[in-house]
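Encoded as structure tokens, the structure appears first; notes follow it.
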Amino acid sequence: MSKVIIIGAGGVANVVAKKCAQNDSVFTEVLIATRTVAKADKIVAEIKEHMPDSRAVFTTATVDADNVPELVKLINDFGPVMVINVALPYQDLTIMDACLETGVHYLDTANYEPKDVAKFEYSWQWAYQDRFREKGLMALLGCGFDPGATQAFTAHHAKHHFQEIHYLDIVDCNNGNHGKAFATNFNPEINIREITANGRYYENGEWVETQPLEISQDIYYPKVATRKSFVLYHEELESLVKHFPTIKRARFWMTFGEAYIKHLNVLEGIGMTSIEPIDFRGMKVAPIEFLKAVLPAPESLAAGYSGQTCIGVQAKGIGKDGQPKVHFVYNVKDHADCYREVQAQGVSYTTGVPAMIGAMLMLNGNWMQPGVWNVEQLDPDPFFDAMNQWGLPISELTDIELVKD
Ligand code: NDP
Numbered sequence: 152m153s154k155v156i157i158i159g160a161g162g163v164a165n166v167v168a169k170k171c172a173q174n175d176s177v178f179t180e181v182l183i184a185t186r187t188v189a190k191a192d193k194i195v196a197e198i199k200e201h202m203p204d205s206r207a208v209f210t211t212a213t214v215d216a217d218n219v220p221e222l223v224k225l226i227n228d229f230g231p232v233m234v235i236n237v238a239l240p241y242q243d244l245t246i247m248d249a250c251l252e253t254g255v256h257y258l259d260t261a262n263y264e265p266k267d268v269a270k271f272e273y274s275w276q277w278a279y280q281d282r283f284r285e286k287g288l289m290a291l292l293g294c295g296f297d298p299g300a301t302q303a304f305t306a307h308h309a310k311h312h313f314q315e316i317h318y319l320d321i322v323d324c325n326n327g328n329h330g331k332a333f334a335t336n337f338n339p340e341i342n343i344r345e346i347t348a349n350g351r352y353y354e355n356g357e358w359v360e361t362q363p364l365e366i367s368q369d370i371y372y373p374k375v376a377t378r379k380s381f382v383l384y385h386e387e388l389e390s391l392v393k394h395f396p397t398i399k400r401a402r403f404w405m406t407f408g409e410a411y412i413k414h415l416n417v418l419e420g421i422g423m424t425s426i427e428p429i430d431f432r433g434m435k436v437a438p439i440e441f442l443k444a445v446l447p448a449p450e451s452l453a454a455g456y457s458g459q460t461c462i463g464v465q466a467k468g469i470g471k472d473g474q475p476k477v478h479f480v481y482n483v484k485d486h487a488d489c490y491r492e493v494q495a496q497g498v499s500y501t502t503g504v505p506a507m508i509g510a511m512l513m514l515n516g517n518w519m520q521p522g523v524w525n526v527e528q529l530d531p532d533p534f535f536d537a538m539n540q541w542g543l544p545i546s547e548l549t550d551i552e553l554v555k556d
């Protein structure tokens, strides 16, 4: 029986809102607040059309989430228990500030990034720890799929399968086809910043930096395909090696098709992925922001998207029985199923469902505790139950090493 605000109305917000509509005994009143309110109105219209039986009451509002006083007014006027932030990582801190000022809980799906430098780290948000704890409020960071479910998968490895995890490999395969020459599956600006940054992985207490997409191997993704996968830096590595100090090496792998890489190389080569603003007809424009305006919106890829995603975590180390062990936990999701269910593609779906689940586990008390938390610090068991119930069934494979040293 909770009132929540969802901030943002993009691909992920669409899924969060529709999953809240399905889960209407928990989410009774939902306000979708965003910059372009027409996008929120469209989501609400689709809920009314496709989910006429939902008892959740949806409203919409305009908000500039970079502006704390505006957020504070929005929150005070609506009176929610928590805010689900699925706008962009740039807005994390302003929304956290507004939550502190109004006394409401907070959840997001990506760590804060300053707009002017592609820097992925938790330091800014971890610095809110004392303020949230002292106010008796919870902030749950990065509760999408990766980050998010991947950390719950790691916590599950640690709780149920391993005495000590030594090697951790997070693998993310999108074996889907949206039929466009080039498009990104989530916000293009955030996605391209992530991929064009140097790669980084953790080994023996240190971060090893690589060129973008320098390291690759063919990885078999169960039930899906064998795909060439590349090491890139992903934010959950930072919190995982902190919270599981037995880890000797942690890497993150993602698949990219040849056509995708070719387009990206050209765009990068001609400066279109730069975040440095240039002068254009008297305006300052960051080329990547212009590129975003040209590329298809992630949510527009949903109709006609075929194929599956497979995201999982391989752990290697000492099993509960004291013997060497390798174990893999993963989910496979079909893009077309996501479209049929909530008019979304798989990447938005696999992010939005864990965000709804994280919010539910906070609201029903399973995870609620004051302070700033990463997903792996919380009990993975209720999260696994909810993933199986809400559309992202989890599978496990033991003693098969999918990712090689
Ligand atoms: P979109 O670009 O589709 O949506 C972002 C939404 O935020 C848009 O509706 C946008 O408004 C809104 N927005 C942006 N700036 C503001 C602002 N200042 N004030 C109010 N609203 C604003 O992105 P996605 O839905 O694909 O991604 C949402 C989040 O999910 C991102 O942070 C992304 O990094 C994260 N993500 C996490 C994943 C995970 O597994 N953990 C995977 C994929 C994404 P407008 O419509 O006007 O542009």
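According to the numbering used here, the sequence shown is numbered sequentially starting from 152.
We treat Cβ as the ideally placed atom computed from N, Cα and C, and that holds for glycine.
Tell me which same chain residues have a C-beta within less than 7 Å of the C-beta of residue 175, skipping the five on either side of it? If you number the sequence shown from 1, residue 175 lands on position 24. So the list reads 205, 206 and 207, once near-sequence residues are dropped.
C-alpha gap between residue 235 and residue 347, whole angstroms: Indexing the sequence shown from 1 puts residue 235 at position 84. Indexing the sequence shown from 1 puts residue 347 at position 196. Those two C-alpha atoms are separated by around 28 Å.
Please report whether the beta-carbon of residue 266 lies at a distance below 8 Å from any beta-carbon of chain D. Absence of chain D from the displayed structure is noted, only one protein chain being present.
Inter-residue CB distance, residue 465 and residue 556 (contact presumed, cutoff 8 Å): Along the sequence shown, one-based indexing puts residue 465 at 314. Along the sequence shown, one-based indexing puts residue 556 at 405. Not a contact, Cβ separation roughly 11 Å.
So, with DSSP's three-state summary, where would you put residue 361? Counting from one through the sequence shown, the residue named residue 361 turns up at place 210. DSSP places residue 361 in strand when its eight states are reduced to three.
Do you know whose CA, among 317, 395, 242 and 203, lies nearest residue 474's CA? For the purposes of this step, residue 474 is taken as residue 323 along the sequence shown, with counting starting at 1. Nearest of 317, 395, 242 and 203 to residue 474, Cα basis: 317.
Out of curiosity, what's the CA-to-CA distance linking residue 220 and residue 396? Indexing the sequence shown from 1 puts residue 220 at position 69. Indexing the sequence shown from 1 puts residue 396 at position 245. In this model, residue 220 and residue 396 are separated by some 40 Å (Cα to Cα).
Starting from the C-beta of residue 269, find all residues in its chain whose C-beta is less than 7 Å away, skip the five residues before and the five after it, and write them out in chain order. Counting from 1 along the sequence shown, the entry for residue 269 is found at position 118. Contacts found: 344, 348 and 426.
Quick check: the Cα distance between residue 518 and residue 329, rounded to an integer number of angstroms? Walking along the sequence shown from the start, residue 518 turns up at place 367. Walking along the sequence shown from the start, residue 329 turns up at place 178. When rounded, the distance between both Cα atoms is 36 Å.
Give a yes or no on contact between the segment 474-486 and the segment 542-554, applying the rule of three or more CB pairs nearer than 8 Å. They touch, by the three-pair rule.
Just the C-alpha distance for residue 510 and residue 540, rounded to the nearest angstrom, thanks. Taking the sequence shown and counting its residues from 1, one reaches residue 510 at position 359. Taking the sequence shown and counting its residues from 1, one reaches residue 540 at position 389. Answer to the nearest angstrom: the Cα atoms are 15 Å apart.
Quick check on the DSSP output: the alpha helix (DSSP H) that includes residue 509 runs from which residue to which? By 1-based counting over the sequence shown, the position of residue 509 is 358. From DSSP, the alpha helix (DSSP H) with residue 509 extends over 497-514.
Buried or exposed by the 16-neighbour rule on C-beta atoms within 10 Å, applied to residue 491: Here the question's residue 491 lines up with position 340 in the sequence shown. Residue 491 comes out exposed.
Residue range of the alpha helix (DSSP H) that includes residue 275: To locate residue 275, count along the sequence shown from 1; it is residue 124. That run of the alpha helix (DSSP H) goes 274-277.
From the DSSP output, read off the bridge partner residues of residue 104. Outside the modelled stretch of the chain, which goes from 152 to 556, sits residue 104, for which no answer is possible.
Between residue 364 and ligand 1, is the CB less than 7 Å from at least one heavy atom? In the sequence shown, counting from the first residue as 1, residue 364 sits at position 213. No, Cβ of residue 364 sits at least 7 Å from all heavy atoms of ligand 1.
Please report how far the alpha carbon of residue 303 lies from the alpha carbon of residue 422, in whole angstroms. Here residue 303 is taken as the residue at index 152 of the sequence shown, counted from 1. Here residue 422 is taken as the residue at index 271 of the sequence shown, counted from 1. The C-alpha of residue 303 lies about 38 Å from the C-alpha of residue 422.
Is any non-hydrogen atom of ligand 1 found closer than 7 Å to the C-beta of residue 296, if you look at the structure I gave you? In the sequence shown, residue 296 corresponds to position 145, counting from 1. Within the cutoff, so yes.
What is the rounded straight-line gap between the Cα of residue 240 and the Cα of residue 160? Along the sequence shown, read from residue 1 onward, the residue named residue 240 stands at position 89. Along the sequence shown, read from residue 1 onward, the residue named residue 160 stands at position 9. Straight-line Cα distance between these residues: approximately 14 Å.
Hey, would you say the C-beta of residue 425 is under 7 Å away from at least one heavy atom of ligand 1? On the sequence shown, residue 425 is found 274 positions in, with the first residue counted as 1. Taken from the Cβ of residue 425, every heavy atom of ligand 1 lies 7 Å or farther away.
Measure from the alpha carbon of residue 335 to the alpha carbon of each residue in 407, 257 and 386, then state which is nearest. One-based indexing of the sequence shown puts residue 335 at position 184. When C-alpha distances from residue 335 are compared across 407, 257 and 386, the shortest belongs to 407.
Kindly indicate the opening and closing residues of the beta strand (DSSP E) around residue 314. As a first step, residue 314 must be located in the sequence shown, where it is residue number 163. Segment 313-328, the beta strand (DSSP E) holding residue 314.
Among the residues of its own chain, which have a CB less than 6 Å from the CB of residue 524, if the five just before and after it don't count? Position 373 of the sequence shown, counted from the first residue, corresponds to residue 524. Taken in chain order, the residues that qualify are 291.
Any heavy atom of ligand 1 closer than 7 Å to the CB of residue 158? Reading the sequence shown from its first residue, position 7 is the one you call residue 158. Remark: the C-beta of residue 158 is in contact range of ligand 1, defined as less than 7 Å to any heavy atom.
Enclosing alpha helix (DSSP H) for residue 396 [first to last residue]: Reading the sequence shown from its first residue, position 245 is the one you call residue 396. From DSSP, residue 396 is part of no alpha helix (DSSP H); its letter is neither H nor E.
Taking the alpha-carbon positions, what's the residue 354 to residue 497 distance? Along the sequence shown, one-based indexing puts residue 354 at 203. Along the sequence shown, one-based indexing puts residue 497 at 346. Taking the straight line from one Cα to the other gives about 31 Å.
Along the chain, which unbroken stretches of the alpha helix (DSSP H) at least 4 residues long are found entirely within the segment 389-460? If one requires a minimum length of 4 residues, the alpha helix (DSSP H) runs lying completely within the segment 389-460 are 409-420 and 438-445, in chain order.
Residue range of the alpha helix (DSSP H) that residue 482 falls in? Translated into the one-based positions of the sequence shown, residue 482 becomes position 331. Boundaries for residue 482: no alpha helix (DSSP H) harbours it, while the beta strand (DSSP E) harbouring it runs 475-485, taken from the DSSP string.
Please state if the CB of residue 436 and the CB of residue 428 are separated by a distance shorter than 8 Å. Locating residue 428 in the sequence shown gives position 277, where the first residue counts as 1. Locating residue 436 in the sequence shown gives position 285, where the first residue counts as 1. Cβ distance < 8 Å, so residue 428 and residue 436 count as in contact.
What three-state label does DSSP hand residue 538 in the structure shown? In the sequence shown, the residue the question calls residue 538 occupies position 387. In the structure shown, residue 538 sits in a helix (DSSP, three-state: H, G or I).
How long is the line joining the alpha carbons of residue 289 and residue 313, rounded to whole angstroms? To locate residue 289, count along the sequence shown from 1; it is residue 138. To locate residue 313, count along the sequence shown from 1; it is residue 162. Looking at the backbone, the Cα of residue 289 and that of residue 313 are separated by about 29 Å.
Beta-carbon gap between residue 338 and residue 265 smaller than 8 Å: Counted from its first residue, the sequence shown places residue 338 at position 187. Counted from its first residue, the sequence shown places residue 265 at position 114. No, the Cβ-Cβ distance between residue 338 and residue 265 is not below 8 Å.
Taking the beta carbon of residue 554 as the centre, do at least 16 other beta carbons fall within 10 Å, making it buried, or is it exposed? Position 403 of the sequence shown, counted from the start, is the residue given in the question as residue 554. Looking at its Cβ environment, which holds 16 or more other Cβ atoms inside 10 Å, residue 554 is buried.
Residue 181 burial status per 10 Å Cβ neighbour count (16 or more: buried): Your numbering for residue 181 matches position 30 in the sequence shown. For residue 181, the number of other beta carbons within 10 angstroms of its own is at least 16, and it is reported as buried.
Three-state secondary structure assigned by DSSP to residue 376: By one-based count along the sequence shown, residue 376 stands at place 225. In this structure, residue 376 counts as strand in the three-state DSSP scheme.
Can we count residue 338 as close to ligand 1, meaning its CB is less than 7 Å from some heavy atom? Looking up residue 338 in the sequence shown gives position 187. Taking 7 Å as the cut-off, the C-beta of residue 338 counts as close to a heavy atom of ligand 1.
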